[in-house]
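Residue numbers (my numbering), protein chains in the order written: chain A, 1 to 62; chain B, 1001 to 1139. Even for Gly, the Cβ is constructed at its ideal location relative to N, Cα and C. None of these values were measured; they are calculated from a predicted model. Step one of this worksheet: look at the structure below.
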């Protein structure tokens, strides 16, 4: 998996919107769930230095 | 053994079922999701599943715990495949035991529905014309 280290963003939503712009993600924020350090969290969750953040697009298991 | 598993190998449905034998069980309900050869009118040749494994396991276990709280069941197990699958392969297996059938049917339905909505696993279909696509239901 590719990784990238960046300055701590103001919020998870700001982080997503920045990355969305930079890498042209096709999903709007409303369709994404967010996980920090392996647990689903709300978009208001605080971002700490060293956190692993995952943006989860709509799933299609089963 | 963890009740929710992600497996890169073929799902051994017979041994999973055998592992659920329970003297108090009057009902065993099982759902198997199979790989079908069509999607939205297109012919599917094969497909692959990728999971965000750590989060998938945590979320999967959470769903099974919810099922145990909400329904009067004895046991519940779920296994989901990752990797490349062929038409007819078992992609997901849910097994539930209960003293009586109503709870087992309801819990089985609950688990497969929640897994499809919540667990971070994605399906990529390969079509007859050589193209392929990741599926994202709500996009």
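Next item on the list: Give every residue of the same chain whose Cβ lies closer than 7 Å to the Cβ of residue 1039 of chain B, excluding the five residues on either side of it in the sequence, and list them in chain order.
Entry: 1125
Next item on the list: Would you list, in sequence order, the uninterrupted alpha helix (DSSP H) runs of no fewer than 4 residues that lie entirely inside the region 1045-1090 of chain B?
Entry: 1053-1070
Note to self: What would DSSP say about residue 1018 of chain B, mapped onto helix, strand or coil?
What the structure shows: helix
Next item on the list: Pull out every residue of the region 1011-1041 of chain B whose Cβ sits closer than 8 Å to any Cβ of chain A, in chain order.
Entry: 1033
Notebook entry, point to check: By Cβ distance below 6 Å, which residues in the same chain neighbour residue 1059 of chain B in space, the five residues on each side in sequence not counted?
Noted result: 1118 and 1119
Note to self: So if I threshold CB-CB distances at 9 Å, which residues from the region 50-62 of chain A count as touching chain B?
What the structure shows: 54, 56, 57, 58, 59, 60, 61 and 62
Note to self: For the pair the region 1079-1096 of chain B and the region 1014-1024 of chain B, tell me if three or more CB-CB distances fall below 8 Å.
What the structure shows: yes
Note to self: Suppose contacts are defined by Cβ-Cβ distances below 9 Å. Is residue 57 of chain A in contact with residue 1136 of chain B by that definition?
What the structure shows: yes
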